[in-house]
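Chemist:
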Amino acid sequence: MPELNLTNPSRPQYDGQLLWEGLTVIVAVDFTTPCLEWVSKGGIMESSEFKESQQQSLAFFQQYKILYPKLEWFVDSRLLTGVLPEDLAWHNEVMLPHFLAAGLTREAFVMPQDFFGSLSVENYAADQSGGPQAVPQIKMFATPEEAKNWLKS
């Protein structure tokens, strides 16, 4: 059952089943889109939590991709305040090849409200263009509805 928090609209919302929760991020699976959801809760994300969230996401993506072949990745980064450049590089070099091998083809981002968060997402997307390996198609959106509609298309 999705979490609904009408008393605190700044609390991040997710549409699916909660799989893992850290101090600044939630990982869930939305069976209707279908997509793995990575939802920022805001605050400063430590390197160790970013890496753990990516490792958890990969394990869940591999697990659910078998059951839902059209599963993709939804990233709600509206409350993200930034990711260290070295953590983005680690993700691109270490984690992304595993996501691609598991069948990731699309990533939909809901853009951060914070300048540094937006910069992190833009840098991530820019690092994916023109690389030597097959990369997921990345698109950025203003709302979760737009992002999930694109993943469904």
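With my numbering, the residue at position 140 of the sequence shown is 167, and numbering never jumps. Built from N, CA and C at the ideal position, the CB exists for glycine as well.
Just to confirm my understanding: we take Gly-69, look at its own chain, exclude 5 residues before and 5 after, and list those with CB closer than 6 Å. What are they?
Modeler: Here the set comprises Leu-106.
Chemist: Can you tell me whether Met-5 is helix, strand or coil according to DSSP?
Modeler: Because the chain here runs from 28 to 180, residue 5 falls outside it and cannot be looked at.
Chemist: So, helix, strand or coil for Pro-36, using DSSP?
Modeler: In this predicted model, Pro-36 has a pLDDT of only 43, less than 50, meaning its place in the structure is not dependable; the value taken from the coordinates is given anyway. Here Pro-36 sits in coil by DSSP.
Chemist: If you reduce the DSSP assignment to three classes, tell me which class Phe-58 lands in.
Modeler: In this structure, Phe-58 counts as coil in the three-state DSSP scheme.
Chemist: In the DSSP assignment, find the unbroken beta strand (DSSP E) run with Gln-140 in it and report its ends.
Modeler: Counting along the chain, Gln-140 falls outside any beta strand (DSSP E), and DSSP gives it neither H nor E.
Chemist: Under a three-way DSSP split, which group does Val-121 fall into?
Modeler: In this structure, Val-121 counts as helix in the three-state DSSP scheme.
Chemist: Do the CB positions of Ile-5 and Glu-134 come within less than 8 Å of each other?
Modeler: Outside the shown range of the chain, which is 28 to 180, sits residue 5, and nothing can be said about it.
Chemist: Which same chain residues, not among the five before or five after Pro-29, have their C-beta less than 7 Å away from its C-beta?
Modeler: With a pLDDT of 43 at Pro-29, under the threshold of 50, the modelled position of this residue cannot be trusted, and the question is left open.
Chemist: Between Ala-169 and Trp-177, what straight-line distance do the alpha-carbon atoms span, to the nearest angstrom?
Modeler: Straight-line Cα distance between these residues: approximately 12 Å.
Chemist: Cβ of Pro-61 less than 8 Å from any chain C Cβ?
Modeler: Looking for chain C here will not work: only one protein chain is present.
Chemist: Would you kindly work out how many angstroms separate the C-alpha atoms of Gly-157 and Asn-119, rounded to a whole number?
Modeler: Because the pLDDT of Gly-157 is 48, which lies under 50, any placement of that residue in the model is unreliable, and the number read from its coordinates should be weighed accordingly. Taking the straight line from one Cα to the other gives about 13 Å.
Chemist: Please work out which residues of its chain come closer than 7 Å, Cβ to Cβ, to Trp-47, disregarding the five sequence neighbours upstream and downstream, and give them in chain order.
Modeler: Contacts found: Val-54 and Gln-83.
Chemist: Cα separation between Asp-103 and Ala-174?
Modeler: Each residue's alpha carbon lies about 9 Å from the other.
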